[in-house]
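A quick write-up on the structure given underneath.
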Amino acid sequence: MNNKKFLITRLPEKIMLQIFSHLSHPELCNIARVCKMWRRLAYDHSLWQSLNLRPEYGGIFVSEFLE
Numbered sequence: 036m037n038n039k040k041f042l043i044t045r046l047p048e049k050i051m052l053q054i055f056s057h058l059s060h061p062e063l064c065n066i067a068r069v070c071k072m073w074r075r076l077a078y079d080h081s082l083w084q085s086l087n088l089r090p091e092y093g094g095i096f097v098s099e100f101l102e
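Position in the sequence shown (from 1) plus 35 gives the number in my numbering.
In structure tokens:
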């Protein structure tokens, strides 16, 4: 079972970025906390070409995005 939970880390970074591209910015901030690799990928410039600060994200502040 332990081996199975790490299979996603064996995907090529290009594929991981494609998967992450379907996430919202708040979701990217959350997954950045999983591990160092996910943090680096979650903050890849290709995922942050635009930033939506709509109020429905409640509680998410600009400073959190910039960290």
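Idealized CB from N, CA, C, for every residue including glycine.
Range covered by the alpha helix (DSSP H) that runs through residue i
| i | result |
| --- | --- |
| His57 | Unbroken run through His57: none, as it is neither H nor E. |
| Ala77 | Lys71 to Ala77 |
Between the CA atoms of residue j and residue i - distance to the nearest angstrom
| i | j | result |
| --- | --- | --- |
| Ser59 | Gln84 | 12 angstroms |
| Ile54 | Lys71 | 17 angstroms |
Supposed contact pair residue j and residue i - C-beta distance, whole angstroms, cut 8 angstroms
| i | j | result |
| --- | --- | --- |
| Leu63 | Leu46 | Rounded, the Cβ-Cβ distance is 17 angstroms, inconsistent with contact. |
Residue i classed as buried or exposed, judged by whether at least 16 other C-beta atoms fall within 10 angstroms
| i | result |
| --- | --- |
| Leu76 | buried |
Residue i: CB within 6 angstroms of a non-hydrogen atom of the ligand MN
| i | result |
| --- | --- |
| Lys71 | Only the bare structure without any ligand can be found here, which leaves the ligand MN out of the picture. |
Short Cβ contact (7 angstroms threshold) for residue i with residue j
| i | j | result |
| --- | --- | --- |
| Asp79 | Leu42 | no |
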